[in-house]
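Under the working numbering, think of the first position of the sequence shown as 5, with each following residue one higher.
Positions of the beta carbon are idealized from the N, C-alpha and C atoms, including for glycine.
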Amino acid sequence: MKKLLEKKTVLISGALGDIGRAVALAFAAQGAGVALGDIQPEAAAAPLLQELTTIGVPCHYTSVDVSDAVAVDRWLQAAEAALGPVSMVVANAATVTIAGLYQVTAEQWRKELQVNLDGAFHVTRAVTARMLEQRITGSVVFAGSWAGEVAHAHIPAYSVSKAGLRMLSKCMALELAPHGIMVNEIAPGYVDAGLSRVVWEQAPDQKEQARLKTPVRQLITPQQVAREVVRLCDPENRHITGSVLLMDGGLSLL
Ligand SMILES: NC(=O)c1ccc[n+]([C@@H]2O[C@H](COP(=O)([O-])OP(=O)(O)OC[C@H]3O[C@@H](n4cnc5c(N)ncnc54)[C@H](O)[C@@H]3O)[C@@H](O)[C@H]2O)c1
């Protein structure tokens, strides 16, 4: 049976994180080649590359800092040379600093916005500019967060970066709609993974509190996020663009 994304290539930033890895494997399961990028060194990518290669998935890894636009361009060139044209991109890399407005340093604030917002801009702009040049249609997915909409006093820099990402997604969606490139954001709530885990490691009781606070009384798994990201890249989709797929178990209804 033909898979949904056969002969297509996706570029994923933050691909060695919990959600990034799950996203890579979900695209691979649908037949896509995967261009992985993360700030971590090459050696850290070896297990995931091995897993993908074993199941016959074309894949490539670049160690890249997404806040460096020139490095992002080099990443894309290397990915295209290895895997061919890229028609899907997932801007997933992010960091989180747990520090309120009067604790966070100016340097931390700037760094977080540089990675989470500028980085997403560099990655998605580079890929979509090439798609426009090559006249290919496809999809962009931004990894946003419910924190982009609901105020969180302990992570203001992260929340502001995700709020900015939402408007970046909408502006890009408007600009690219006539070219058949669909641009959307996924906004998860508490995922039992990466960035939340960092918070919960410092305050373990908060994990159970997060579950109980969520109206559906469940934390999200990285695989559940990944499934929705792939769905947003369905080539049959010609209408869903500029949308926010809120996946927060009802948190923002509170
Ligand atoms: N975990 C959650 O609860 C949650 C909830 C909502 C949204 N999200 C979003 O999902 C995405 C993935 O988060 P995660 O939970 O898997 O976190 P994670 O920490 O496991 O993954 C983030 C990855 O980004 C990479 N990265 C950091 N800085 C980078 C840089 N400058 N350049 C390139 N790569 C860099 C890290 O090395 C890491 O592998 C993020 O955008 C996050 O905001 C996560």
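- Shown here, residue 14 sits in a strand according to DSSP, grouped into three states.
- Here residue 240 carries a coil assignment [DSSP, helix/strand/coil].
- Contact annotation: residue 176 and residue 128 have beta-carbon atoms nearer than 8 angstroms.
- By the CB criterion at 8 angstroms, residue 154 and residue 93 fall outside the cutoff.
- Contact between residue 215 and residue 222 holds: CB atoms are separated by about 7 angstroms, below the 8 angstroms threshold.
- Each of 219, 197, 148 and 256 was checked against the Cα of residue 188, and the nearest Cα belongs to 148.
- In terms of Cα proximity to residue 157, the closest of 100, 211 and 139 is 100.
- In the DSSP assignment, the residues bridged to residue 64 are 39.
- Contact between the stretch 103 to 123 and the stretch 204 to 219 is absent, with fewer than three C-beta pairs closer than 8 angstroms.
- DSSP places residue 185 inside the beta strand (DSSP E), whose first and last residues are 185 to 192.
- Around the C-beta of residue 59, fewer than 16 other C-beta atoms lie within 10 Å, and the residue is accordingly described as exposed.
- With contacts defined by Cβ atoms closer than 8 angstroms, residue 28 and residue 38 form a contacting pair.
- In the DSSP annotation of this structure, residue 5 is not part of any beta strand (DSSP E), being labelled neither H nor E.
- Taking 7 angstroms as the cut-off, one finds no heavy atom of ligand 1 near enough to the beta carbon of residue 213.
- Distance from the Cα of residue 73 is smallest, within the candidate group 121, 63, 102 and 86, for 121.
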